[in-house]
Every structure is written in C-alpha cells, then in structure tokens.
Amino acid sequence: MIGQLPRSIPEVVASHLCTGCGACAYVAGDALTMHDVRTVGRRPLPIAAVNGSLTGDALAVCPGRQLEHRPEALDGAPLRGEWGPVLALYECWSTDPDVRHRGSSGGVATALAAHAVTSGRATGALQVQADPDDPLRNVTVRNTTYESITAATGSRYAPASPCERLDLVEQAEGRTLFVGKPCDVAAVRNVAAIRPALAERLDVTVAIFCAGTPSTAATEDLVRSLGTDIEDVVSVDYRGEGWPGNFRVQSGSGEVRSMTYAEAWNGTLTKNRQWRCLICPDHTGEFADLSVGDPWYREIGPDEPGRSLVVVRTEAGRAALLAALSDGALDGDLIPLERLEQSQPSLAATRGAVWGRVLTMGLMGLRVPRYRNVPALRLWLRLPLRGKVTSIAGTYRRARLRGLNRPEVSAP
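Per full-length UniProt numbering, the sequence shown starts with residue 1, numbered consecutively.
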C-alpha cells in the first residue's frame with residue numbers, strides 16, 4: 001500500500017488516525033493523558049516524552065496505526081475470510097426482561113458480562129457507561145456485581161477510552177471481562193501481548209458492532225435540536241427500551257424528549273464521526289472472542305423486545321457463550337452463517353471502499369494505517385465502477401474539506 005505509517009503517537013493524532021481507545025496512554029503511563037476534544041473525540045495529549053514513551057510500545061499497541069490478523073486466524077474462515085475469524089453465529093437475547101428491554105438489541109453484551117461474574121469465572125467487567133457527573137460524556141468503570149453491570153446496559157454513541165483504564169484489570173484480583181468497540185478490543189489484544197500481567201487477568205473480550213464514533217459536539221447538537229438546555233440534561237440514552245429504540249434526553253424537570261434512532265444516527269451522529277472510523281475495515285469486532293450486533297435482516301415490528309447477533313470468533317468465546325446459554329443467562333440458538341452478511345448488507349462494500357480511501361490518502365502524501373491479513377482489495381475490485389470512483393474522488397474531496405493535510409485539533 002502506498003503511504004507511510006505515523007512514527008509516533010503525536011503523529012498518529014496529527015494524521016487524524018487516532019481511534020481514541022486510550023491504549024497508548026495506559027502503556028505510556030505518565031507521559032500521556034486522554035482528553036475529550038469535543039469536536040473530534042478522545043485524544044492522547046503528551047505530558048512529557050520520556051525514553052521513547054511516545055513511540056515504542058505505546059505506538060506498537062495503537063489500533064489506529066495498524067490492524068493485523070495472524071495468518072492462521074483466517075485459516076478455514078468462512079465467508080471468504082472477509083468477516084474475520086468466525087466459528088459460529090447465534091441469535092440471542094438476555095433472559096432478564098429489564099436488561100433485554102433497555103439493551104440496544106437484546107442486552108446480550110450486558111448479559112455476558114454479568115454471567116461472567118455471577119458464574120465465578122471472572123470478578124469484574126470493564127465497561128463504558130455514562131459519566132454520573134456529565135451525562136453527555138462517558139466514563140470507564142470496572143463493575144463487580146450483577147446490579148452495577150446491568151446498570152451500564154445500553155449503547156453510548158459518544159467518545160470513550162476504555163483501554164485507558166486497563167490498570168483496573170491488571171491490578172484486580174481475579175479475571176475481568178472486557179466490553180468495547182472493535183478498535184478497543186484490537187488494542188487490548190495488542191497490550192496483552194506485551195503485558196503478561198494483563199493477559200493473565202483478562203477474561204473474554206466482547207466487541208460491539210460499530211459504524212463509528214461521533215464527537216461530543218454531535219450529542220450536544222442533538223440535545224439542542226430537541227429544545228433541551230445542555231446544562232439541564234440529567235440523562236442521555238442513544239437507544240433501548242425496545243429495538244432499536246429512540247434517542248432520549250431527560251431534563252432536570254423530569255421531561256423526556258426524543259427522536260427515532262434512525263433520525264439521530266442517520267443525521268447528526270453519522271455526519272460527525274471521527275475520520276479514522278471512515279477508513280476502518282473492522283466494524284464487527286474481528287479481534288474479539290465474541291462480537292455482538294444488530295440482526296438487521298429482521299423486520300422491526302411494534303414493541304420488538306430485541307435480539308442480538310453473536311459472532312463466535314474463538315474457542316474461549318464459544319465456551320463463554322454456551323455457558324451463558326446453559327445457565328439461563330441467555331436464550332437463543334445457532335443460526336446459519338449467511339445471516340451475518342444479510343444483517344450487514346452494505347458492509348462488504350464499505351470495506352472495499354476503505355481500500356480505495358486509504359490508497360487515495362497515500363497518493364496524497366498523507367500518513368496511512370496498515371492493514372495486514374484483513375481482506376479489502378478484492379472487495380474494492382468487486383465494487384461497481386461508480387463505487388470505485390467514489391471511494392477515490394470522494395476521499396480526495398473529503399480529505400481536503402476536513403484538512404487532513406493539517407494537524408488534527410489536539411486541545412480539550
């Protein structure tokens with residue numbers, strides 16, 4: 001692939017390639033700290049550069065810079081290897097009716113986390129949830145009880161840096177299940193490969209299907225569009241209370257205002273995703289033990305309680321899922337692998353377009369990420385001519401509009 005990789009964490013940020021996961025800040029210790037840049041996302045800002053702390057291991061664990069499957073991980077992978085390692089596909093839902101109702105699509109990620117703790121396999125779950133002091137922003141916590149884990153149910157379409165708090169995993173007694181976006185899980189795998197203490201305490205990883213991370217400013221815009229004052233917001237829910245649910249804002253007076261999930265996501269949120277998400281090939285959590293997403297092949301009916309696709313990617317993930325089903329934490333069944341493609345009908349084209357976008361960035365002299373053993377070129381070749389042209393010309397236009405040749409804003 002044409003183009004050069006960024007050579008330091010500040011260069012990753014300046015090149016608009018940061019995912020905001022926080023892994024570099026965890027590895028670099030006191031040299032980096034994560035901040036919410038409200039119009040962009042969570043970003044690592046240098047405090048000091050000490051003994052290569054902004055390169056070295058911090059750079060090696062960065063999923064924004066590079067994603068790579070081991071060749072053997074794709075040996076015999078179904079669906080032409082274009083969806084990463086896939087051992088099986090299930091459709092499941094939480095047997096706790098409240099969790100299923102509040103969850104984005106069946107509450108499966110929450111149910112898996114809770115079961116890990118209640119079964120004794122783990123002592124906690126690292127999760128992202130709304131910041132109690134600022135409901136428009138997120139905070140990473142290690143929850144250790146059924147009540148605290150299930151209280152974190154629901155999608156958070158706002159910047160989060162769960163890997164920043166991997167210290168909570170490494171320092172805890174017992175093992176910890178990790179829930180995060182695909183890039184977060186890829187980062188955790190990278191960190192565990194160089195930190196044996198973390199690897200020993202890491203339980204299964206659960207990735208949430210992801211189409212990108214909108215900025216904090218995007219959520220603020222949605223709140224204002226509903227006529228609610230930012231300072232008066234008590235809670236923000238992006239989905240849930242049925243599938244797929246509504247975007248809801250509650251004010252201090254108790255009044256709840258809402259818009260449909262489609263209105264929120266297809267409008268303001270989609271338009272305000274960070275650039276790195278637009279050149280990401282992994283929207284389904286290929287580096288996780290289990291990944292969970294919406295079964296969009298289904299018709300959405302009135303009062304739909306929600307179901308989740310569950311992609312089994314490792315034997316550890318299969319064992320965790322089967323245990324949750326056997327113990328009654330989840331209900332559901334094995335389904336044909338073809339349902340994965342049917343649930344995400346545009347994803348193959350999106351991944352093909354990513355190849356064209358990264359190529360264009362390289363031709364423009366911009367820093368680019370490297371993807372290895374992540375099939376994309378053949379997906380680009382399968383695009384119709386118009387799709388190929390759009391992936392190149394559209395990227396050139398957007399790159400100029402977004403100023404990708406200029407450093408990304410990196411101040412809170």
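Every residue, glycine too, gets a C-beta built ideally from N, C-alpha and C.
| Check | Outcome |
| --- | --- |
| First and last residue of the uninterrupted beta strand (DSSP E) at Cys92 | Ala88 to Ser94 |
| Rounded Cβ spacing between Arg357 and Thr395 (contact assumed at less than 8 Å) | 4 Å |
| Cβ-based burial, Ala218 [other Cβ within 10 Å; buried from 16] | buried |
| Cβ pair count under 8 Å reaching 3, the segment 149-158 against the segment 111-130 | yes |
| Ser258 versus Thr228 - alpha carbon distance | 10 Å |
| Same chain, Cβ closer than 6 Å to Thr140, five either side skipped, listed in chain order | Val128, Pro162 and Arg165 |
| Contacting residues, own chain, Cβ-Cβ under 6 Å from Arg175 (five flanking each side not counted) | Ala122, Arg201 and Asp203 |
| Runs of beta strand (DSSP E) lying entirely within the segment 155-222, each at least 3 residues, in chain order | 176-180 and 202-208 |
| Beta-carbon spacing of Gly103, Thr110 below 7 Å | yes |
| CA-to-CA distance, His69 to Gly81, given in whole angstroms | 11 Å |
| Proximal residues to Ala411 (C-beta, below 7 Å), its chain only, five neighbours per side dropped | In this prediction, Ala411 has a pLDDT of 39, which is less than 50 and means its spatial position is unreliable; nothing more can be read from the coordinates. |
| Segments of 3+ residues assigned as beta strand (DSSP E) that fall wholly inside the segment 18-61 | 32-37 and 41-46 |
| According to DSSP, residues forming a beta bridge with Phe247 | Met259 |
| Residue from Cys92, Asn138, Arg189 and Cys210 whose Cα sits closest to the Cα of His283 | Cys210 |
| Inter-residue Cα distance where the pair is Val40 and Arg273 | 8 Å |
| Contact check, Gly306 vs Arg100, beta carbons under 7 Å | yes |
| Proximity to Ile47 [Cα-Cα], best of Val233, Met34, Asp57 and Leu59 | Met34 |
| Those runs of the alpha helix (DSSP H) which lie wholly inside the segment 318-400 and span at least 4 residues | 338-343, 347-363, 377-382 and 385-389 |
| Cβ separation of Gly180 and Ala207, assumed to be a contact under 8 Å, to the nearest whole Å | 7 Å |
| Closest Cα partner of Val310 within the set Pro196, Arg397 and Tyr90 | Tyr90 |
| Arg276 vs Thr19 beta-carbon contact at 7 Å | yes |
| Exposure of Ala320, with buried meaning 16 or more beta-carbon neighbours within 10 Å | buried |
| The alpha helix (DSSP H) enclosing Asp98, as first and last residue numbers | Pro97 to Arg102 |
| Boundaries of the alpha helix (DSSP H) in which Ala113 is found, first to last residue | Val108 to Thr118 |
| Three-state secondary structure assigned by DSSP to Ala411 | Only weak support exists for where Ala411 lies, its pLDDT of 39 falling under 50; the coordinates are left without a value. |
| Arg142 vs Leu168 beta-carbon contact at 7 Å | yes |
| Neighbourhood of Ala327 by C-beta, 8 Å cutoff - its chain only, sequence neighbours within 5 removed | According to the sequence as given, residue 327 is Asp; it is not Ala. So the qualifying residues of the chain are His115 and Ser119. |
| Rounded Cβ spacing between residue 413 and Leu112 (contact assumed at less than 8 Å) | Look at the range of the chain in this structure, 1 to 412, and you will see that residue 413 is not part of it. |
| Span of the beta strand (DSSP E), counted from its first residue to its last, around Arg142 | Asp134 to Asn143 |
| Among Tyr26, Arg397, Gly107 and Leu337, the one whose alpha carbon lies nearest that of Asp331 | Gly107 |
| Contact under 7 Å by Cβ, Leu366 with Leu404 | yes |
| Three-state secondary structure (DSSP) of Ser105 | coil |
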